[in-house]
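Down below is the structure, laid out as structure tokens.
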Amino acid sequence: MIAVTAQAAIDEAIEKELARLRQRAHELGEGFGALADAMSRAAEGGKRMRPALVAASFEAFGGEVSDEPGLYAVATAFEFLHTAFVIHDDVIDHDLVRRGVPNVGGEFRSRAARKGADAAGTATLGDAAAILAGDLLLYEASRLIALADVEPAARAGLFTLLDDAVYISAAGELADVEHSVTADDAQSAAILDATFNKTAVYSFRAPLVAGALLAGASSDAVSILESASGKLGLAFQLVDDLIGAFGSAQQAGRDEGVDLRESKRTPLVALARESPTWPRVSDALALAYTGPIAVREAQQALEESGARSRLRSLVEDTLSDVRFAADDPVLPVAVSELLRGLADRVQERVP
């Protein structure tokens, strides 16, 4: 998607900022230094997709790094934004592990236990550390954009993107949690809205548009890109939902059928609720947490309800809209190729 040199420059920029955070934090005490170390680990090991999208869009619109030295600072800001959301999301979901190792909350629960804290104390310190880590990274994302070596007009546009990313993602997260804990069964349209808001804006739309703004793209091209990239983000998350229900453990990065085990109210489940076989699906989902055999039963029930087929069709239709937008003559050829390539990558992940 981007040149090897650009990826190396992104990695270097991220590590530079993490090193600054660690140095400053260690000056403020051993505990705060440990928090900065945990934050650094949280920012490592991921795909760094969002900063790559910033750089890829910038390059596709004909941007030259020599003309926009703030590019990689902006790219780093979007990686920090993502890491902040992930850390906060783990607190909301009560998760203590990420990518097979303790996350920030998990590390600080262990730290509290080593220092003699009881169960309530370990939970308190773990949650506090994770909330503070996410808050600090949100601030750092804003700080990076504020200080990036970019034109004033571009900076204003970047802050608008950041503002939308934070507010819309928060709205999506809250709606997602509310759907999961309330007795009311939200309609599939409401579930889809929450899915879009939670992920699509900050993961695809904001990074891709940020790269376009830095490259000086026209307002017409930016408008087309905003629409297409939002749909890309929606399709990406819908595929994640399919992977969470039907993907292999390798695909999901966690146990097979993890979303079914955790009774998540995803668009897949919302579509199943609209089918005549919902009572059977509901019964199967209620038992999915008990083990692999129950997970397979829930997968079969969802398959027979038609929900999996409907969701796959929705992904295909959404990606068709992206490919149609990519053909707009307002877009540079390289941008059209980027959008089509991203659509193909998303489709290749469908289980």
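Going by this note's numbering, 30 is the number at position 9 of the sequence shown; the sequence numbering is gapless. We put the CB at the ideal spot given by N, CA and C, even for glycine.
TODO: Note the first and the last residue of the continuous alpha helix (DSSP H) segment covering residue 133.
DONE: That run of the alpha helix (DSSP H) goes 125-135.
Open item on the list: Using a Cβ distance threshold of 8 Å, determine whether the segment 167-181 contacts the segment 192-200, with at least three qualifying pairs required.
Closed with: no
Open item on the list: Assuming contact is defined by CB atoms lying nearer than 9 Å, are residue 69 and residue 35 in contact in what I supplied?
Closed with: It is a contact, given that the beta carbons lie within the stated cut-off.
TODO: Report all residues from its chain with a CB closer than 7 Å to the CB of residue 10; omit the five preceding and five following residues, and keep chain order.
DONE: Not covered by the structure: residue 10. The range shown for the chain is 22 to 372.
Task: Proximity of residue 323 and residue 291 at Cβ, strictly below 9 Å - done: Not in contact: residue 323 and residue 291 (Cβ atoms no closer than 9 Å).
Open item on the list: Looking at residue 173: is its Cβ nearer than 9 Å to the Cβ of residue 75?
Closed with: no
TODO: Give the DSSP-derived three-state secondary structure of residue 62 in the structure shown.
DONE: helix
Task: Inter-residue Cα distance where the pair is residue 217 and residue 332 - done: 14 Å
Open item on the list: Please tell me whether residue 102 has its Cβ less than 9 Å away from any Cβ of chain B.
Closed with: The structure shown has no chain B; it contains just one protein chain.
TODO: Look up residue 120 in the DSSP assignment and say whether it is helix, strand or coil.
DONE: coil
- [ ] Please report how far the alpha carbon of residue 187 lies from the alpha carbon of residue 79, in whole angstroms.
- [x] For residue 187 and residue 79, the distance between alpha carbons rounds to 22 Å.
Open item on the list: By alpha-carbon positions, which one of 131, 31, 369 and 348 ends up nearest to residue 245?
Closed with: 348
- [ ] Could you work out which residue in 92, 287 and 99 is closest to residue 210 when comparing CA atoms only?
- [x] Of the residues 92, 287 and 99, the one whose Cα lies closest to the Cα of residue 210 is 287.
Task: Helix, strand or coil at residue 352 according to DSSP, with G and I counted as helix - done: coil
Task: Segment contact flag, the segment 146-166 with the segment 108-125, C-beta cutoff 8 Å, min 3 pairs - done: yes
- [ ] Measuring alpha carbon to alpha carbon, tell me which of 138, 94 and 72 ends up nearest residue 28.
- [x] 72
- [ ] Let me know if residue 96 comes out buried or exposed under the rule of 16 or more other beta-carbons within 10 Å of its beta-carbon.
- [x] When all chains shown are included, residue 96 counts as buried.
- [ ] With a floor of 4 residues, list each alpha helix (DSSP H) that falls wholly inside the segment 256-293, ordered by position along the chain.
- [x] 270-273 and 279-282
Task: Residue from 295, 81 and 263 with nearest C-alpha to residue 281 - done: 263
TODO: Have a look at residue 266 and residue 242 and give me their C-alpha separation to the nearest angstrom.
DONE: 36 Å
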